[in-house]
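Participant: Numbering (the working numbering), first residue to last: 338 to 829.
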């Protein structure tokens, strides 16, 4: 049994804090503003979209300090145990640890000022990221800046000066004051990590537990049978901030070492249950290069830093981006918990709307993607906005072709049913067909048998059917090596 603490430990700037977690639902944003009057961090949307609440989190990864930007409005305070928190006040005063605040001011990168702290923090995070490259680039292109700032919204349309500030600062060497604070933080976090203690805060406000091993996780699940399991909080955080729910028992999975593993060999890629999108992206793209564009459109830099691959699967959303893509790749889930281990094809995990094959006391330990050298994989997301938007339709497709015959095919869609789903009737039309003799119209018509989509705020029924047919056409043209018409180029 692990040694556990009744309080969480955080490094607030350079100051260690032992915190009694009276309410497990406390967000990092509320803690910063209410307990420490660090009011530079703002609440704009309370759902991780606008970036006004952005802070930097320092954490040890392979015994090295790494920084990532997160949304404080949906991150729960307990998740930050053993980590450093840098809010805008820590960056800008009394001794600035980055040139970003000064340059933002000189470039007139602030108007009403509400969004400015979030932009400053995001740009400091980008500056740190650029400084970790070897060699450090002498310039950074606009596309990279746009991608990094997709999760920060300016309502005064002041993006021009902000971009100027980004281009002026992000390749500058971080000052000595930054390195001094980072070195001190690394020493403190290393000391805490070496203690290998877990967290069990049990107060009148509720329970927050953060085990460090699968064995202790399973013991906690046996004891707290109604507990909510928490990974990145990009979904559960909104239960608290938008739906007003109060969770009495929370078990945080992010400290369990076994759930942070990524195993890559010639046969498969296995991603642990608490691996973030940020950490998984390069590995996933290495297995399926056409995932790159989809993953970089997933939420924002802040969301990808928090959200986990398996969490995106576990919430069972019919419009989740990853599930159709991983389904098309033939992925398998490893389900663990108080009942032992079992493996399940991803497509079998989704039973019906808001219903998954996951019992109380179970969790996704990992997802495994088989590696097939002959497999051709494509996926395209259609949404109203390019960045930070939910799919109207997401199509993911794969095929194995031998001697110009389709011997294996997966046609998967999100946004077309109550769950992510394979189009089996359509697949039957394609399977066994010669690549240049595909009955496209018949395959498209089969989609009417596979799906009966709804009309909602994101898209209408007929639109979804039309888009799914067009995406199928785009897939076939790609397999055939034909030029994709300009009509389809916006669907990516």
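Yeah, the Cβ is synthetic: ideal placement off N, Cα and C, and Gly gets one too.
Pick helix, strand or coil for residue 759, following the three-state DSSP scheme.
Facilitator: Position 422 of the chain shown, counted from the start, is the residue given in the question as residue 759. The answer is strand: DSSP assigns residue 759 an E or B state.
Participant: Name the one or two DSSP bridge partners that residue 704 has.
Facilitator: Along the chain shown, read from residue 1 onward, the residue named residue 704 stands at position 367. According to DSSP, residue 704 bridges with 608 and 670.
Participant: When you compare the CB of residue 788 with every CB in chain D, is at least one pair closer than 8 Å?
Facilitator: In the displayed structure, chain D is absent; only one protein chain is listed.
Participant: Look up residue 341 in the DSSP assignment and give the residues it is bridged to.
Facilitator: For the purposes of this step, residue 341 is taken as the residue at position 4 of the chain shown. Partner(s): 535.
Participant: Sorted by chain position, which residues of the same chain lie with C-beta nearer than 8 Å to residue 773's C-beta, five sequence neighbours on each side aside?
Facilitator: For the purposes of this step, residue 773 is taken as the residue at position 436 of the chain shown. 741 and 817.
Participant: Tell me the rounded alpha-carbon separation between residue 570 and residue 450.
Facilitator: As a first step, residue 570 must be located in the chain shown, where it is residue number 233. As a first step, residue 450 must be located in the chain shown, where it is residue number 113. Distance between the alpha carbons of residue 570 and residue 450 is about 27 Å.
Participant: Terminal residues of the continuous alpha helix (DSSP H) containing residue 787?
Facilitator: The sequence position of residue 787 within the chain shown is 450, counting from 1. First-last of the alpha helix (DSSP H) with residue 787: 777-787.
Participant: Which one of 424, 387 and 388 has the shortest CA to CA distance from residue 348?
Facilitator: Along the chain shown, one-based indexing puts residue 348 at 11. Cα-wise, what sits closest to residue 348 is 424.
Participant: Pick out the complete alpha helix (DSSP H) segments inside the stretch 428-508, 4 residues or longer, and give them in chain order.
Facilitator: You should have 437-443, 453-468, 479-485 and 496-506.
Participant: Does the Cβ of residue 676 have 16 or more other Cβ atoms within 10 Å, making it buried, or fewer, making it exposed?
Facilitator: Position 339 of the chain shown, counted from the first residue, corresponds to residue 676. Answer is exposed; the Cβ neighbour count stays below 16.
Participant: Ends of the beta strand (DSSP E) at residue 397?
Facilitator: The residue labelled residue 397 in the question sits at position 60 within the chain shown. Counting along the chain, the beta strand (DSSP E) containing residue 397 begins and ends at 391-398.
Participant: Since I believe residue 345 is in contact with residue 536 (beta carbons under 8 Å), could you give me their beta-carbon distance rounded to a whole number of angstroms?
Facilitator: Walking along the chain shown from the start, residue 536 turns up at place 199. Walking along the chain shown from the start, residue 345 turns up at place 8. With 8 Å as the limit, residue 536 and residue 345 qualify as a contact, their Cβ atoms being about 6 Å apart.
Participant: Just verifying my parser: in three-state terms, what is the DSSP assignment at residue 682?
Facilitator: Taking the first residue of the chain shown as position 1, residue 682 is located at position 345. Here residue 682 sits in strand by DSSP.
Participant: Does DSSP put residue 696 in a helix, a strand or coil?
Facilitator: Start at 1 with the first residue of the chain shown, and residue 696 comes out as number 359. Looking at residue 696 - three-state DSSP - the assignment turns out to be coil, as it is neither helix nor strand.
Participant: Check whether the stretch 652-660 and the stretch 750-758 are in contact - that is, three or more C-beta pairs closer than 8 Å.
Facilitator: Contact between the stretch 652-660 and the stretch 750-758 is present, because at least three Cβ pairs lie under 8 Å.
Participant: Consult DSSP for residue 352 and reduce its assignment to one of helix, strand or coil.
Facilitator: Here residue 352 corresponds to residue number 15 of the chain shown, with the count starting at 1. Note: residue 352 maps to strand in three-state DSSP.
Participant: What are the uninterrupted segments assigned as alpha helix (DSSP H) that are 4 or more residues long and contained completely in the stretch 529-584, given in chain order?
Facilitator: Listed in chain order, the complete alpha helix (DSSP H) runs (minimum 4 residues) inside the stretch 529-584 are 551-560 and 573-578.
Participant: Hey, residue 460 and residue 409: beta-carbon distance below 8 Å or not?
Facilitator: Taking the first residue of the chain shown as position 1, residue 460 is located at position 123. Taking the first residue of the chain shown as position 1, residue 409 is located at position 72. Contact flag unset, no.
Participant: Taking contact to mean at least 3 C-beta pairs separated by less than 8 Å, is the stretch 407-421 in contact with the stretch 524-540?
Facilitator: With the cut-off at 8 Å, the stretch 407-421 and the stretch 524-540 touch.
Participant: Using a Cβ distance threshold of 8 Å, determine whether the stretch 386-400 contacts the stretch 484-500, with at least three qualifying pairs required.
Facilitator: Result yes; three or more Cβ-Cβ pairs closer than 8 Å.
Participant: From which residue to which residue does the beta strand (DSSP E) around residue 713 run?
Facilitator: For the purposes of this step, residue 713 is taken as the residue at position 376 of the chain shown. Residues 712-719.
Participant: In the DSSP assignment, find the unbroken alpha helix (DSSP H) run with residue 724 in it and report its ends.
Facilitator: The sequence position of residue 724 within the chain shown is 387, counting from 1. Where residue 724 is concerned, there is no enclosing alpha helix (DSSP H), given that its DSSP letter is neither H nor E.
Participant: Can you look up residue 373 in the DSSP assignment and give me helix, strand or coil?
Facilitator: Translated into the one-based positions of the chain shown, residue 373 becomes position 36. The answer is helix: DSSP assigns residue 373 an H, G or I state.
Participant: Here's the rule I'm using: 16 or more other beta-carbon atoms within 10 Å means buried, otherwise exposed. How should residue 585 be labelled?
Facilitator: Locating residue 585 in the chain shown gives position 248, counting from the first residue. Burial call: exposed.
Participant: Below 8 Å between beta carbons: does that hold for residue 393 and residue 462?
Facilitator: Numbered from its first residue, the chain shown carries residue 393 at position 56. Numbered from its first residue, the chain shown carries residue 462 at position 125. Cβ atoms of residue 393 and residue 462: closer than 8 Å.
Participant: When you compare only the Cα positions, how much space is there between residue 737 and residue 765?
Facilitator: Counted from its first residue, the chain shown places residue 737 at position 400. Counted from its first residue, the chain shown places residue 765 at position 428. Computed Cα separation, rounded: 14 Å.
Participant: Using DSSP bridges, identify the partner residues of residue 402.
Facilitator: Start at 1 with the first residue of the chain shown, and residue 402 comes out as number 65. Paired residue(s): 397.
Participant: With a Cβ-Cβ cutoff of 8 Å, do residue 474 and residue 506 count as a contact?
Facilitator: What you label residue 474 is simply residue 137 of the chain shown in a count that begins at 1. What you label residue 506 is simply residue 169 of the chain shown in a count that begins at 1. Their beta carbons are not under 8 Å apart, which means residue 474 does not touch residue 506 by this criterion.
Participant: Per DSSP, which residues does residue 589 bridge with? Please list them.
Facilitator: What you label residue 589 is simply residue 252 of the chain shown in a count that begins at 1. DSSP output for residue 589 lists 567 as bridge partner(s).
Participant: Looking only at DSSP bridge pairs, what is residue 613 linked to?
Facilitator: One-based indexing of the chain shown puts residue 613 at position 276. Residue 613 is bridged to 645.
Participant: In terms of residue numbering, what span does the beta strand (DSSP E) encompassing residue 733 cover?
Facilitator: For the purposes of this step, residue 733 is taken as residue 396 along the chain shown, with counting starting at 1. Residue 733 -> beta strand (DSSP E) spans 730-739.
Participant: Would residue 674 and residue 648 be called neighbours here (beta carbons separated by less than 8 Å)?
Facilitator: If you number the chain shown from 1, residue 674 lands on position 337. If you number the chain shown from 1, residue 648 lands on position 311. No, these two residues do not count as a Cβ contact at 8 Å.
Participant: Kindly identify the DSSP beta-bridge partner or partners of residue 750.
Facilitator: Residue numbering aside, residue 750 sits at position 413 when the chain shown is read from its first letter. Paired residues: 732 and 758.
Participant: Does DSSP put residue 425 in a helix, a strand or coil?
Facilitator: Indexing the chain shown from 1 puts residue 425 at position 88. Residue state, collapsed to three classes: helix.
Participant: For residue 341, which residues in the same chain have their Cβ closer than 7 Å to its Cβ, ignoring the five residues on either side in sequence?
Facilitator: Position 4 of the chain shown, counting from 1, holds the residue named residue 341. Here the set comprises 534, 535, 536 and 537.
Participant: Measure the alpha-carbon distance for residue 610 versus residue 660 and round it to whole angstroms.
Facilitator: For the purposes of this step, residue 610 is identified with residue 273 of the chain shown, where counting begins at 1. For the purposes of this step, residue 660 is identified with residue 323 of the chain shown, where counting begins at 1. Residue 610 and residue 660: Cα-Cα distance of roughly 14 Å.
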